[in-house]
Every structure is written in structure tokens, then in C-alpha cells.
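Enquirer: Quick one: structure below, then a few questions.
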Amino acid sequence: MTNTLASERAEQPPRSHLIIEPEGPSVFGLENVSFWYGRKQALGDISMKIPVKRVTALIGPSGCGKTTLLRCLNRMNDLIPGVRLEGSVNYHEHNIYAKDIDPVEVRRRIGMVFQKPNPFPKSIFENVAFGARVNGYKGDMRERVEKSLRQAALWDEVSDDLKKSGLALSGGQQQRLCIARALAVQPDVILMDEPCSALDPIATLKIEDLIRDLVKELTIVIVTHNMQQAARVSDYTAFMLAGVQGVGQLIEYGPTRELFTNPRDQRTEDYITGRFG
Amino acid sequence: MQGEHIEPVDLRATGAVARRQAFSRLSRYLLLAMSLLGVATLVVLGYITIDDGAGRIDLDFLTNYPSRFADQAGLRSSALGTIWILGTTIVLAIPVAVGTAIWIEEFAPKNALLTFVKLNIANLAGVPSIIYGILGLAMFVRFADLGPSILAGALTLTLMIIPMTVIASQEAIKQVPPSLREGSLAVGATQWQTVWSHVLPSALPGIITGVILSISRAAGETAALIMIGAFSFIAFDHSLNPAEALQDDFTTIPIQIYNWTIRPQEAFRQNAAAAIILLMIAVFTLNLTAAVIRERFRRTY
Amino acid sequence: MTALSPGAGDPEFRKSLRKRPLNHWNETIIKAALVACAFVTLATTALIIFVLFSETISFFRDVSFADFFLDTEWQPLQKPVSFGIWELVAGTLNVVLWSLLIAVPIGMATAIYLSEFANPRTRRVLKPVLEALAGVPTVVYAFFALSFITQDLLQPGLGKGTVPIFNSLSASVMLAVMILPTIASLSEDAMSNVPRDLREAAYGLGSTRIEVSLRVVVPAALSGIMASILLGIARVIGETMIVAIAAGSTPNLTLDPLASIQTMTGYMLQVGLGDAARGTVDYRSLFAVGTMLFLMTLLFNIASQLIIGRYREQYE
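Chains as they are written, first to last, in the working numbering: chain A, 5 to 281; chain B, 630 to 930; chain C, 3 to 318.
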């Protein structure tokens, strides 16, 4: 066993110096993850560990596969017909793509916030309560909703009128409502797919503060286009790039400060200094 | 520029261009006149019908059984028959049609079977109603031995309206944005919980619109019901107990209209006109309701 | 984070992630029920084909293929019986011909007006009104055809001697009104889908509005227009009440609009009214004619769908 592994490793290009694995316990361990939409390969051979109770940012130019990678982490990609994943995504050392794993069980532990705020066309209360309810929460729903809204720093703004439609809120409030909705399930991880891309700078700052707050309790993985944002909120940063035929690859990964101040790969440096292209 | 002589350019249409423009302007009114032809025909015919039949509508006309004397004949049994047939059809058709649409849009694997199912539904929607009639005759009336009963009639109409109800429901479900589904799935809801709590409520106005239009089509259906043998003299009220009523022979308003239309006497033509007025009021009310629901709940995603 | 708090590599935690059949048993039942719903439509098709073909095969045990397809006389109800289908097919083609001659020009004019000339307000009013025509029950059109078109219009106009009480023309007029919304609405969709730059190119060359409509928009939308006409034909072929009431019940190998005729659907309804006993040749002839009708409508419907499918591909 060890022999085969050693020989396989030897055949791969040396890249260990570009990947600095985080210390301490990790939530996710990706092993040689490759991903296809039909015949088109979107991710190639990605291996990395994502640490517990830290913010990990995925950055890179459009089409580099960072959103695809994020959606692999809670099996949201299952919903697209004709997709295929090779390798394994280990969540607390259990491969979530094993045959007997239920994607619904995975998603209730690993929540997600999307690029465009997508509250349900229902009241604020129902928006937050829905997740808790489908997951069989039997306790005091008002308490759970309030707690989630407080955690999402939205309570003070909406506590007067929880019956108001979620769609009546401003964009930034809607996005925090979506975060509250995810929190009400009490997830272990929250995945965020460019959560601020549709928001103005002030709303963005509020969400970023919220992220720093939340990470005391849970793990956050965030995809962002905005390098300042990655630098501001994340503890670790992964830089991805589409290689040959648009296959997304992990180029460099390490502590955010290190990656931004002292990038080891030329392409990373070009990207973060804006000389990309 | 100053002092320079500018040749005046006349941009008014002359000669051939003027003729072409005049023709183009004229064609607008020609086309409009032709567009209104179909509607105008119907307005005129509608007016004559009202003129013929309105005087015939009174309480007796609604509460009398059919009769061989035109002035004593009424719509009692045909109206009750219509209500029973439509009620039963709604109960049978809606769950199956909406279920099929949900399966196609939300659950079906995207493979050759699904393509075939969709193609098949599109073709079924184009099958003439009289074919459904002989299917009902062979399967429900003769083979299942239900006779020309309300149940056999409703089953026949159910098969007839399922395809168009499915297509309308599919359209409504397709309008629900994927982000709504993702939001629900991401908090750990199952596929069915997502469909039940979010997709169906959002698609409901569209589905109801489609269902109402299908019902209005079933309300006017004549040929399929005559084929299964619903052309008898009915002079009794159906029991309020479905188990008994479903086995009754029946007649409906469109069948009654047919019955009166083919008689040579002028008095029956008036009866037919009167029944048509009532049927059209019912059908237009249904269509209008559908249109209002569609406009009112048009979501702006 | 108590209940869901994971333990790395903890087998108990692994178990909690597993699919538990009992956990989602209602989900499974619901999915099965939905599949069953979808199966109903497949079963309907299978039953239609089974019923039509099995009785048709029985029919051809009594009546030879040659009689059916070569004889020109359809006289099933009185002796000597003969089953030459062409008289009924001719009846159907008769009403198809005359209703199209009325509906296509009007439908085209309506579509061109709505798509190229009408201002949005007129359009918003006219389109729903037009579509309301599609909601009128056909038995109502049948009444109009017999009572008004024939008795109040054709007979007084052309003389009772030339116009029999049952005639193809009165049915064709109402069939044309019936398919007008189909043809106008689908053609208008096709015209509206013609790319704007095509129109602008023609206007840029100094064409008038009607020239752009007729020389650019209509040719570009031709496949959609064809599809709408084919769909209209399928509906005319399948329509029963209008022809049964207004066109007559005398099989007649003619395309004369003033003749009394019988269509395939008209014959079927006549047998349906007569309560033909199961197993008799009358009863079976119902299914033989039904099969012919089914195949003809299927042909036009599929042709229409193929054309629509092709032009969707072009623009998407």
C-alpha cells in the first residue's frame, strides 16, 4: 500500500511547496477531486484540507471552477443532470460521495448562501423557521428564529414585523435573512458563493463583519471575486485557475496573509496584484 | 456657410414611393378589418342567439326536465349532469395531471424515457375528442361494464383533459426560479419538501389557470360523451350519494343543445339558443377567472 | 451545535449521514405515486392504440382491404353494404379545403396586423379576445352553422334549391372561426420571434411597413406559419359536432362546398348515436374509421411539432 502511494506521488509534479496545509483539525479533506459537467471537465485533481472554525476563501478568475468546487462540498451539484465526480470529499473523514450517504443529511449539516439573495416568497419568520421545521426541530420556534436572526445581525432591524415578506427587505437584509435561514438549521459549515456580489459596499461590510463573528462558532468557506474581501475576512486562501481546456485547478493554498504578502507562484502574484491576463 | 446657396431638398414622398407608402398605410386598415372578421362574426351570431333565446330563459327553463314539448322542456337534468360530470372529472384529473407535471419537471431522470413521455403527452393533447369517446366506449362502458354512467363519462373526460392540464402545469412549474429550490435544498429539505413548500405554492396560480381552462373545455365537450352513449332521456335527479349517482345514466348541457339543435321545429331552436346563452356565460366566466388569476399572481422574479 | 456536532472519524457520526430507508419512506412513496401518475398518460396511448387496432383487425376479418380502400361507396347501414372509406375521407378533405381557404388568409392578416402594425394597447385587447374564440364549445359553433349560416344566410342568399339544409360550406365557415385563434396566435408568435435586426435591415433599405411584413417577416416566419396551419388541419379533421350537425350524413365523393356530405367523425358520431351492438360490423367499422382518423391527425400533429422543434432550434 505505502509503496504504491509513494510511487504515485512521485509521478505527480512537485507542488507541495505551493500547498501549505492548515494546522489543526479540518472539516473537509479533498482527495484528488475531479469533476465533469457531462463531457466537460470542470475540476482537475484537487486535494486540500479545510480547517475547522476558520474562514477559507476560494479566489480566482471567472470560470476557474471555484463555485463548482464549493458546490461539491454539500452535493448541490447533484441537482444538475449528467455531472460526475471522481476522488473523494471527506467531511470529518467520511466521504460524502460514498454510495450510502444521503445528500439531504449532508446539506442539513453544511448550509449554503448564494450569490443572489434568494429568500422564499414568505414571511421573514417562515423563511427562518422553514429549515428548522423540515429538520424536525420540535422546540420553541420563536426562540430559534430570534436566535438565528440575532446571530445574523438582522434581529434589530426586523423584530417589529416578522410577518413582513422576506422579499420586502433590502438586498443586504435579504442576504442576512438567507444567512439566518441557514443558521436556523444549526449547521456545522456554511458555504458562501460570492455572498456580496449583488450588494452595495455598506451592506458588504456588514456581511463581512458577520462572517468574522460567525466563524467563532462554525466553519465558513467563501467564494469571492473580490481580493480585498478575501484578504479582509479569510484565514486561509486558495487560488484557483482554469488550466488546459478550462479545467479548474488549485494553484496555491495557504494562510491568507502569507499568500497575499508572499505568493510563491508567479500566476498567484499576477492575479492578486491585478496583472492577470 | 453663410451666403452659400443650399439646394432645397424635397423629402416628401413622390411618385413610386408615395404609392408604396399609401398602400402600406391602407394595408393597416385592411389587415385590421380582416383581424376583426372572426370576432365580428361571433358578435353578430352571439347577438342573434341572445335575440332568439333570451326570452326563453326563466325559472321553469332551469328547473324542468327535458320534454318533447319545447315550451315545457328545461335544463334541470342536463345541468345536474354537467355538475356531476365536471366535479368527478376534477377530482380524478387534477391529482394525476399535477403529479405527472411534478414528476416531469422535478423528479424524472433526464433520459430517453422522459423525452418519450413528453412527446407522448404532446401527441395525446392533439388526439380528437371523439377518439377518447370510442376509447371510453370500449374500455369503460363495455369492457369495465360501467354502462353509459357518470363514472364512465368522467373517466373519459379525465383521460381527455389530462394532457393539456399536464402541459399547463409544466409551464407553471418551469416559471419557478431554480434559486428558490436551491435555497430550500441548502437548508436540508428533501426534494419533496422543496416541491411541496416552495415550488407548488409558487406555481399554484399558473396551475389553477391551466386547470380552469381544461375544465372549461370539458364543460363544452359533446362528441366524446355522445360516443359513450350519453344520449338518453333523463328525467330524474341524481342521488347526492356519489356511490349511487356515479352509476346513473346522465345528460349534459352541450348534449341537450345538440338534441335541440337537430330538431326541425323553430321552438327547439329557441331552446338551444337559450341553453347556449347559459353555457357561454359559464364558459366565459371560467375563462375570465383564469385570466384574472394569471394576471393577478404574475410574479416578478 | 449539539445534535449535529460531528466527531472526526466517529463511526456513529458516519451512520447519521447514511441514507435511512425508513427516514424517507414517505418520500419514496410519493415518488412512486408521481411515477404512477406519469404512467397514466403512457397507458392512455397504449389503450387507444390497443382498442383501435384490435377492433380494426376484427373489422378486416369481415370486410376485405380491397373493399375498404378501393370501393368508392360508403354504405354500411343499408343493404347492399359497402365500406369504401374514400367517400368519408373526401368529406373530411372537403371541409379541410374550404375551412382553410377561409381561415388562412384571415389568420395571416390577423397575425401580420398583431405582430407588425398594432400598437401595444390594441394588441393587449385584441389578442385575448381572439383567444376567447378558442374557448367556445364546438356544439355552439355547430348550432350557428346550421341555424344561422345555412338557414339565415346561405339559403336566403343563394336559394333553397342550390343550398341543401346540410352542406359543407356552413360547417367550413364555423370550422374556420374555430381554428382562427390557433393559426393567428401561433403565426403571430413565429413573426414576433423574427429577429429585430432583419426588420431594421429592410427598413434601412427604404421598405414600407407592409413590404417589410410580406417580404421579410413572413418568409422568415414561414416554418412557424406552416406549423400553425398543420395544427389547424389536425383540429378540423378531428372536429365532430360542427360537421355532424351542419354538413350532413350522406357520404359523398366531392369537394363541392354546397353538397351534403359526411366526414369520418360525422360517421363515427352517427354510429355512436345508434347504439351499435358490440361485435357487429357497424360497431367495428367505428374503430376502422377511428384508426384512419387517429393516423391522419397524428400525421399532421407530428409534422407540426417537427417544424416547431426545428425552428426553435434555429433561434435558441
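Every residue gets a Cβ at the ideal spot worked out from N, C-alpha and C, and that includes glycine. On a predicted model such as this, the values are computed, not experimentally measured, just so you know.
(1) When the distance is taken between beta carbons, is residue 118 of chain A closer than 8 Å to residue 664 of chain B?
(2) If we count Cβ pairs, one from each stretch, closer than 8 Å, do we get three or more for the segment 131-144 of chain C versus the segment 903-914 of chain B?
(3) Which value, in whole angstroms, describes the spacing of the CA atoms of residue 152 of chain A and residue 73 of chain A?
(4) Does the beta carbon of residue 207 of chain C come closer than 8 Å to any beta carbon on chain B?
(5) Using the Cβ count rule (16 or more neighbours within 10 Å means buried), how would you classify residue 687 of chain B?
(6) Can you grab the Cα-Cα spacing for the pair residue 42 of chain C / residue 234 of chain A, in whole Å?
(7) Residues in its own chain within less than 6 Å of residue 207 of chain A by CB, not counting five upstream and five downstream?
(8) When the Cα atoms are used, what is the spatial distance from residue 936 of chain B to residue 148 of chain A?
(9) In angstroms with no decimal places, state the Cα-to-Cα distance between residue 783 of chain B and residue 715 of chain B.
(10) Following the continuous alpha helix (DSSP H) through residue 272 of chain C, name the residue where it begins and the one where it ends.
(11) Hey, could you find the ends of the beta strand (DSSP E) residue 51 of chain A is sitting in?
(12) Which chain C residues are close to residue 903 of chain B, counting only those with a beta carbon under 9 Å from its beta carbon?
(13) State the DSSP-derived secondary structure class of residue 274 of chain A, mapped to helix, strand or coil.
(14) Cβ of residue 261 of chain C within 8 Å of Cβ of residue 172 of chain C?
(15) Counting C-beta neighbours from all protein chains within 10 Å, is the total for residue 278 of chain C 16 or more, i.e. buried, or is it exposed?
(16) For residue 850 of chain B, does the three-state DSSP call read helix, strand or coil?
(17) Using a Cβ-Cβ cut-off of less than 7 Å, give me the residues of the segment 103-123 of chain A that come near chain B, in sequence order.
(18) Which residue from A:47, A:80 and A:86 puts its Cα closest to that of residue 68 of chain A?
(19) For the segment 136-165 of chain A, which segments carrying the alpha helix (DSSP H) assignment without a break, of at least 4 residues, lie completely within its bounds, in sequence order?
(20) Do we get a CB-CB distance below 8 Å when we pair residue 19 of chain C with the residues of chain A?
(21) Counting only the same chain and skipping the five closest in sequence on each side, list residues whose C-beta sits under 7 Å from that of residue 702 of chain B.
(22) According to the neighbour-count rule (16 or more other Cβ atoms, all chains shown, within 10 Å of its Cβ), is residue 31 of chain C buried or exposed?
(23) Let me confirm a value: residue 27 of chain A is counted as buried when at least 16 other C-beta atoms fall within 10 Å, else exposed. Which label applies?
(24) Below 8 Å between beta carbons is the criterion; list the residues of the segment 95-112 of chain C that meet it against any residue of chain B, in chain order.
(25) Strictly below 9 Å CB to CB, what residues from chain C border residue 100 of chain A?
(26) Looking at chain C, which residues of the segment 212-230 of chain A have a Cβ within less than 8 Å of any of its Cβ atoms?
(27) Using a C-beta to C-beta distance shorter than 8 Å, which residues of chain A count as neighbours of residue 15 of chain C?
(28) I need the DSSP call for residue 827 of chain B, collapsed to helix, strand or coil.
(29) Could you tell me which residues DSSP pairs with residue 127 of chain A in its beta bridges?
(30) Is there a Cβ of chain A sitting closer than 8 Å to that of residue 819 of chain B, yes or no?
(31) Can we say the segment 651-660 of chain B touches the segment 209-216 of chain C, given the rule of at least three CB pairs closer than 8 Å?
(32) In three-state terms, what does DSSP make of residue 262 of chain A?
(33) Is it true that the CB of residue 113 of chain A sits closer than 8 Å to the CB of residue 79 of chain A?
(34) With DSSP as the reference, please indicate the residues paired to residue 257 of chain A in a beta bridge.
(35) Cutting at 8 Å between CB atoms, please list the residues of its own chain near residue 220 of chain C, excluding the five before and the five after it.
(36) Decide if residue 8 of chain A is buried, meaning its Cβ has at least 16 other Cβ atoms within 10 Å, or exposed.
Expert: On the basis of the coordinates in this document:
(1) What you label residue 664 of chain B is simply residue 35 of the second sequence in a count that begins at 1. What you label residue 118 of chain A is simply residue 114 of the first sequence in a count that begins at 1. At the C-beta level, residue 664 of chain B and residue 118 of chain A stay beyond 8 Å of one another.
(2) At 8 Å Cβ cutoff, the stretches touch.
(3) Within the first sequence, the letter at position 148 stands for residue 152 of chain A. Within the first sequence, the letter at position 69 stands for residue 73 of chain A. Straight across, the Cα-Cα distance linking residue 152 of chain A with residue 73 of chain A is about 27 Å.
(4) Along the third sequence, read from residue 1 onward, the residue named residue 207 of chain C stands at position 205. Residue 207 of chain C does not count as touching chain B.
(5) For the purposes of this step, residue 687 of chain B is taken as residue 58 along the second sequence, with counting starting at 1. Exposed, since its Cβ has fewer than 16 Cβ neighbours within 10 Å.
(6) Looking up residue 42 of chain C in the third sequence gives position 40. Looking up residue 234 of chain A in the first sequence gives position 230. Each residue's Cα considered, the two are about 54 Å apart.
(7) As a position in the first sequence, residue 207 of chain A is number 203, starting the count at 1. Same-chain partners within the cutoff: 176.
(8) With chain B running from 630 to 930 in the structure shown, residue 936 of chain B is simply not present.
(9) Looking up residue 783 of chain B in the second sequence gives position 154. Looking up residue 715 of chain B in the second sequence gives position 86. Taking the Cα positions, residue 783 of chain B is about 7 Å away from residue 715 of chain B.
(10) As a position in the third sequence, residue 272 of chain C is number 270, starting the count at 1. First-last of the alpha helix (DSSP H) with residue 272 of chain C: 266-276.
(11) Locating residue 51 of chain A in the first sequence gives position 47, counting from the first residue. For residue 51 of chain A, the enclosing beta strand (DSSP E) covers residues 44-55.
(12) For this step, residue 903 of chain B is matched to residue 274 along the second sequence. By Cβ distance, chain C contributes nothing, its closest Cβ being about 11 Å from residue 903 of chain B, past 9 Å.
(13) Counted from its first residue, the first sequence places residue 274 of chain A at position 270. Correct three-state label for residue 274 of chain A: helix.
(14) To locate residue 261 of chain C, count along the third sequence from 1; it is residue 259. To locate residue 172 of chain C, count along the third sequence from 1; it is residue 170. The Cβ atoms of residue 261 of chain C and residue 172 of chain C do not sit closer than 8 Å to each other.
(15) Here residue 278 of chain C corresponds to residue number 276 of the third sequence, with the count starting at 1. Buried is the call here.
(16) Within the second sequence, residue 850 of chain B is the residue found at index 221, counting from 1. The answer is coil: DSSP assigns residue 850 of chain B none of H, G, I, E or B.
(17) For the segment 103-123 of chain A, which is checked against every Cβ of chain B, the residues closer than 7 Å are 108, 111, 112, 115, 116, 118, 120 and 122.
(18) Reading the first sequence from its first residue, position 64 is the one you call residue 68 of chain A. Closest by alpha carbon: A:47.
(19) Secondary structure in the segment 136-165 of chain A: the alpha helix (DSSP H) runs of 4 residues or longer, each lying completely within the stretch, are 145-155 and 159-162 in chain order.
(20) For the purposes of this step, residue 19 of chain C is identified with residue 17 of the third sequence, where counting begins at 1. Residue 19 of chain C belongs to the set of residues whose beta carbon lies under 8 Å from a beta carbon in chain A.
(21) Position 73 of the second sequence, counting from 1, holds the residue named residue 702 of chain B. For residue 702 of chain B, where only same-chain residues beyond five positions count, the Cβ hits under 7 Å are 693, 695, 696 and 900.
(22) Residue mapping note: residue 31 of chain C aligns to position 29 of the third sequence, counting from 1. Residue 31 of chain C should be labelled exposed.
(23) Numbered from 1 along the first sequence, position 23 holds the residue referred to as residue 27 of chain A. The residue in question, residue 27 of chain A, is exposed, as its Cβ has fewer than 16 Cβ neighbours within 10 Å.
(24) Hits within the stretch, in order: 107, 108, 111 and 112.
(25) Locating residue 100 of chain A in the first sequence gives position 96, counting from the first residue. Ordered by position in chain C, the residues that pass the 9 Å Cβ test against residue 100 of chain A are 19.
(26) If you check each beta-carbon in the segment 212-230 of chain A against every beta-carbon of chain C, the ones closer than 8 Å belong to 221 and 222.
(27) Within the third sequence, residue 15 of chain C is the residue found at index 13, counting from 1. Within 8 Å Cβ-Cβ: 96 and 98.
(28) Position 198 of the second sequence holds residue 827 of chain B. Annotated three-state conformation of residue 827 of chain B is helix, per DSSP.
(29) Within the first sequence, numbered from 1, the residue matching residue 127 of chain A stands at position 123. Its beta-bridge partners are A:169.
(30) Within the second sequence, numbered from 1, the residue matching residue 819 of chain B stands at position 190. Yes, residue 819 of chain B counts as interfacial toward chain A.
(31) Touching, yes.
(32) Against the first sequence, residue 262 of chain A aligns to sequence position 258. The DSSP-derived three-state label of residue 262 of chain A is helix.
(33) Position 75 of the first sequence, counted from the first residue, corresponds to residue 79 of chain A. Position 109 of the first sequence, counted from the first residue, corresponds to residue 113 of chain A. Between residue 79 of chain A and residue 113 of chain A, the C-beta spacing is not below 8 Å.
(34) For the purposes of this step, residue 257 of chain A is taken as residue 253 along the first sequence, with counting starting at 1. For residue 257 of chain A, which the question treats as bridged, DSSP gives the partners A:23 and A:242.
(35) In the third sequence, the residue the question calls residue 220 of chain C occupies position 218. Taken in chain order, the residues that qualify are 110, 114, 193 and 227.
(36) Position 4 of the first sequence holds residue 8 of chain A. With a pLDDT of 43 at residue 8 of chain A, under the threshold of 50, the modelled position of this residue cannot be trusted; read the value that follows with caution. So residue 8 of chain A ends up on the exposed side.
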